[in-house]
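Trainee: Under UniProt numbering, read the sequence shown as residues 1 to 178, first letter to last.
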Amino acid sequence: MNVLRRIPWRIEALSGPDAAAIVEPLFREYLDWILVRFTVDLGAESIDPDGSAERAYFAETQRFLGPRARLLVARFDDELVGVGAFKPTDDERTAEIKRMFVRPSARGSGIARALLNRLLSDARSEGYTRVRLETMSFMTEAHSLYRSVGAREIDPFEGSEAGNVGLAAATTYLELPL
1 MNVLRRIPWR
11 IEALSGPDAA
21 AIVEPLFREY
31 LDWILVRFTV
41 DLGAESIDPD
51 GSAERAYFAE
61 TQRFLGPRAR
71 LLVARFDDEL
81 VGVGAFKPTD
91 DERTAEIKRM
101 FVRPSARGSG
111 IARALLNRLL
121 SDARSEGYTR
131 VRLETMSFMT
141 EAHSLYRSVG
151 AREIDPFEGS
161 EAGNVGLAAA
171 TTYLELPL
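1. What are the start and end residues of each continuous beta strand (DSSP E) run of 3 or more residues lying completely inside the region 92-167, in chain order?
2. Taking a contact to mean a Cβ-Cβ separation below 7 Å, would you say residue 11 touches residue 72 in this structure?
3. Which residue comes first and which comes last in the beta strand (DSSP E) that contains residue 84?
4. Taking contact to mean 3 or more Cβ pairs, one atom from each stretch, closer than 8 Å, check whether the region 144-163 and the region 123-130 are in contact.
5. Just checking my contact of residue 101 with residue 95 at CB under 8 Å: how many whole Å lie between their CB atoms?
6. Taking the alpha-carbon positions, what's the residue 144 to residue 17 distance?
7. Here's a check: name, in chain order, each residue in its chain whose Cβ is nearer than 6 Å to the Cβ of residue 131, leaving out the five neighbours to either side.
8. Measuring alpha carbon to alpha carbon, tell me which of 68, 170, 90 and 62 ends up nearest residue 21.
Given below as structure tokens:
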């Protein structure tokens, strides 16, 4: 049995100059997991041969710390076990959920749902009327989670991270009214 089912964890918002450094290991683990899944599930050899997508991926962290944005982590004791964020889009009514990730050792404990619920609540508090997100086609558990709160599939949206690196065909785009 997963010990995280019995012992409480907590969700907290990060801000300040150390926030990016705090989440970098989780973001790195998430990116590495995605790259492995691409090679296993899609047979891709390299989706970022020059490293530009990786640089953009980490640079985007600052967007999660700005006005009308949020960067959340889940902690079990002092260990980071999950992360999720949202950022504003060009449409002032729409936020984009990003970087939802829970370490494999903590999956199945309700952390992803708690992160998502907090992100949705915080987005409402910031005045957003909808959220959108993109998730890779192989992330079926994530699709189920998002759909369970009412997210519906939409067409690819302009400025999507996956679209910017040529992965729109391997991506599911979702939107949820708040």
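Even glycine gets a Cβ: it sits at the ideal position worked out from N, Cα and C.
Mentor: Taking the coordinates as given:
1. As far as the region 92-167 is concerned, its whole beta strand (DSSP E) runs of at least 3 residues are 94-102 and 130-136.
2. Mapped onto the sequence shown, residue 11 falls at position 11. Mapped onto the sequence shown, residue 72 falls at position 72. Between residue 11 and residue 72, the C-beta spacing is below 7 Å.
3. Numbered from 1 along the sequence shown, position 84 holds the residue referred to as residue 84. Per DSSP, residue 84 belongs to the beta strand (DSSP E) from 79-88.
4. Using a Cβ-Cβ distance cut-off of 8 Å, the region 144-163 and the region 123-130 are not in contact, since fewer than three pairs of beta carbons, one from each stretch, lie closer than that value.
5. Counting from one through the sequence shown, the residue named residue 101 turns up at place 101. Counting from one through the sequence shown, the residue named residue 95 turns up at place 95. Rounded, the Cβ-Cβ distance is 18 Å, inconsistent with contact.
6. Residue mapping note: residue 144 aligns to position 144 of the sequence shown, counting from 1. Residue mapping note: residue 17 aligns to position 17 of the sequence shown, counting from 1. Rounded to the nearest angstrom, the gap between the Cα atoms of residue 144 and residue 17 is 34 Å.
7. Residue numbering aside, residue 131 sits at position 131 when the sequence shown is read from its first letter. Only 95, 97, 123 and 176 meet the Cβ criterion.
8. For this step, residue 21 is matched to residue 21 along the sequence shown. Selected option, being the one with the closest Cα: 62.
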